[in-house]
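Some notes on the structure that comes next.
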Amino acid sequence: MSRWRLLSLALVVWVSAALAAPAGAQTSTATLSADIRTLAKLTLSAASVSFPDADPDVVGQIPSLGGPIAITAKSRATPASQVILTVVASDDLRSGIQTIAASAITWTVTGAGFQPGTLSKATPVTVAQWTGSGVRSGTQQLMFQNLWSYATGTYTASLTYTLSSP
Amino acid sequence: MIKAVWTGAVAAAAILLLSSPVSAQQTDTKTVSVNATVNARAKLTLGSAAITFADADPDVTPTLTATAFSVDVKARTTAAGTVSLTVSAPNFTSGSDSIPIGNLQWTATGTAFATPGTMSTSAISAGSWTGSGNQAGTHTYTLANSWAYNTGSYGTTITYTLTAP
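Protein chains in written order, with the numbering used here: chain A, 761 to 926; chain B, 151 to 315.
This is the structure:
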């Protein structure tokens with residue numbers, strides 16, 4: 761319970777007691793209500809990831825430098841409702857006019873409720889899903905499909921993670 | 151009774167005034183920027199490191215033919231970059247005797263592999279492609295079988311060079 765709530769409760773009890781005391785045997789009631797609404801808070805351990813160059817014959821899937829992204833999802837939700845974490849790419853990976861499909865990025869995961877997947881620029885893809893309120897943690901290791909067919913360049917994209925608590 | 155009503159009213163007012171608002175936020179978003187580096191790279195794989203021509207009667211077999219071998223080209227370059235494959239070899243030698251390397255020719259299969267070709271002591275094109283990718287082909291070498299050759303076991307080394315700018 762927050763400091764404001766505790767203070768509120770204490771003042772209400774004090775005011776009630778002070779005003780009601782002279783009434784002797786007379787009793788009164790006060791209804792307390794706590795308004796707890798849905799809330800979502802997402803924390804990622806990295807704001808950027810990089811994939812180094814590698815020989816496609818040696819490293820078919822390049823893991824991102826720095827290892828997996830640590831993800832913490834805090835949510836308040838209605839009972840039995842689904843809390844969902846999704847990710848979507850802003851676009852394909854681009855280097856000037858050259859592109860590599862967003863689907864070249866896949867991921868593996870650890871942690872309850874997390875699931876592996878393939879990135880899309882069209883549709884948010886589920887990274888994790890849970891039922892009800894709670895604090896959940898896991899990791900997501902991004903991988904880059906390494907093909908000979910890519911034109912040389914430095915490719916960039918932006919991933920948007922969204923935690924939804926209905 | 152009035153006191154009770156006032157007490158309830160004050161309590162309700164206190165709740166309204168002192169209760170902190172609870173956030174109604176339902177979603178939270180974060181962004182991660184992704185960076186992938188793709189450098190120029192070239193890889194050439196030959197299906198054989200040695201080819202052999204067996205001796206034969208020049209009247210019966212005027213051209214000696216070796217077994218075909220694979221030539222696999224893999225390259226990463228710019229979108230408009232030219233990937234080139236060249237070959238060269240010095241003349242055949244056997245002691246002080248020699249056979250001109252121009253007597254060695256090849257035929258090739260595979261998209262954009264140069265065919266036919268005649269070997270030279272200077273680099274000549276065996277194939278050229280635009281952009282990154284894999285190219286699979288074969289080379290089959292033939293050697294003109296001339297009565298003019300001195301006897302001997304002749305050898306040379308063919309150098310393949312793949313370039314991806």
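Cβ atoms here follow ideal geometry from the backbone N, Cα and C, with glycine treated the same way.
Just so it is clear, the structure is predicted and the values come from calculations on it, not from any experiment.
With DSSP as the reference, identify every bridge partner of Phe874(A), one or two as the case may be.
Ala888(A)
Tell me the DSSP secondary structure of Ile865(A) in three-state form.
strand
Chain-ordered residues of the segment 797 to 813 of chain A with a beta carbon less than 9 Å from chain B:
Arg797, Thr798, Leu799, Ala800, Lys801, Leu802, Thr803, Leu804, Ala806, Ala807, Ser808, Val809, Ser810, Phe811, Pro812, Asp813
Express the C-alpha separation of Leu879(A) and Ile857(A) in angstroms, rounding to a whole number.
20 Å
Can you find the residues in the same chain that come closer than 7 Å, C-beta to C-beta, to Ile844(A), ignoring five residues on each side of it along the sequence?
Closer than 7 Å at the Cβ level, and outside the excluded window around Ile844(A), lie Thr886, Gln889, Ser924.
Using alpha carbons as the reference points, say which of Val223(B), Val237(B), Ala200(B), Ala204(B) lies closest to Ala294(B).
Ala204(B)
Measuring only the C-alpha atoms, how far is Ala273(B) from Lys881(A)?
46 Å
Does Ala282(B) pass the burial test, meaning 16 or more other C-beta atoms within 10 Å, or should it be called exposed?
In the sequence as displayed, the identity of residue 282(B) is Ser instead of Ala. Classification for Ser282(B): buried.
DSSP three-state assignment for Gly281(B), whether helix, strand or coil:
coil
Counting Cβ pairs closer than 8 Å, one from the segment 870 to 878 of chain A and one from the segment 792 to 812 of chain A, do we hit at least three?
Taking 8 Å as the limit for Cβ pairs, the verdict is that the segment 792 to 812 of chain A does not touch the segment 870 to 878 of chain A.
Length at least 3, wholly inside the segment 239 to 302 of chain B: the beta strand (DSSP E) runs in chain order
242 to 244, 247 to 249, 254 to 259, 274 to 280, 283 to 294
Proximal chain B residues relative to Gln858(A), where beta-carbon distance stays under 8 Å:
Ala229
So which of Ser909(A), Thr870(A), Ser918(A) has the shortest CA-CA distance to Arg896(A)?
When the alpha-carbon of Arg896(A) is set against those of Ser909(A), Thr870(A), Ser918(A), the nearest one is in Thr870(A).
Strictly under 7 Å for the Cβ-Cβ distance: is Asp222(B) near chain A by that measure?
Under the Cβ distance rule, Asp222(B) does not count among the residues neighbouring chain A, no pair being separated by less than 7 Å.
How far does the beta strand (DSSP E) with Gln842(A) in it reach, from first residue to last?
Start and end: 842 to 849.
Please tell me whether Met943(A) and Pro816(A) are closer than 7 Å, where the distance is taken between their beta carbons.
Because chain A in this structure spans residues 761 to 926, residue 943(A) falls outside the shown range and cannot be described.
Can you tell me whether Leu792(A) is buried or exposed? The criterion is at least 16 other CB atoms within 10 Å of its CB, across all chains shown.
Around the beta carbon of Leu792(A), fewer than 16 other beta carbons lie within 10 angstroms, which makes this residue exposed.
Are the C-beta atoms of Gly283(B) and some chain A residue less than 7 Å apart?
yes
Roughly how many whole angstroms lie between the Cα atoms of Leu907(A) and Ile865(A)?
12 Å
Establish whether the CB of Thr232(B) and some CB of chain A are separated by less than 7 Å.
Not an interface residue.
For Asp851(A), which residues in chain B fall below 7 Å Cβ to Cβ?
Those do not exist, as Asp851(A) stays about 11 Å from chain B at its closest Cβ, beyond 7 Å.
By Cβ distance, which residues of its chain are closer than 7 Å to Ala314(B), with the 5 residues on each side in sequence left out?
Ala190, Arg191, Ala192, Ala225, Arg226, Thr227, Gly231, Val233
Span of the beta strand (DSSP E) holding Ile829(A)?
829 to 836
Among the candidates Pro212(B), Gln285(B), Thr187(B), Asp207(B), whose CA atom is the shortest distance from the CA of Ala258(B)?
Gln285(B)
Can you look up Pro208(B) in the DSSP assignment and give me helix, strand or coil?
coil
Against Trp867(A), what residues of chain B qualify as contacts under a CB-to-CB distance less than 7 Å, listed in chain order?
Residues of chain B passing the Cβ test: none, with the nearest at roughly 11 Å.
Compute the distance between the beta-carbons of Val848(A) and Pro884(A), then report whether it is under 7 Å.
yes
Chain A contacts made by the segment 250 to 278 of chain B, where a contact means CB separation under 9 Å
none
Residue from Asp209(B), Leu312(B), Phe263(B) with nearest C-alpha to Trp297(B):
Asp209(B)
Between Val182(B) and chain A, is there a C-beta pair that is closer than 7 Å?
yes
Please return the same chain residues whose Cβ sits closer than 7 Å to the Cβ of Leu804(A), not counting the five positions on each side in sequence.
Ile829, Ile831, Tyr921
Taking Ala276(B) and Ala264(B) to be in contact with their CB atoms under 8 Å, please state how far apart those CB atoms are, rounded to whole angstroms.
5 Å
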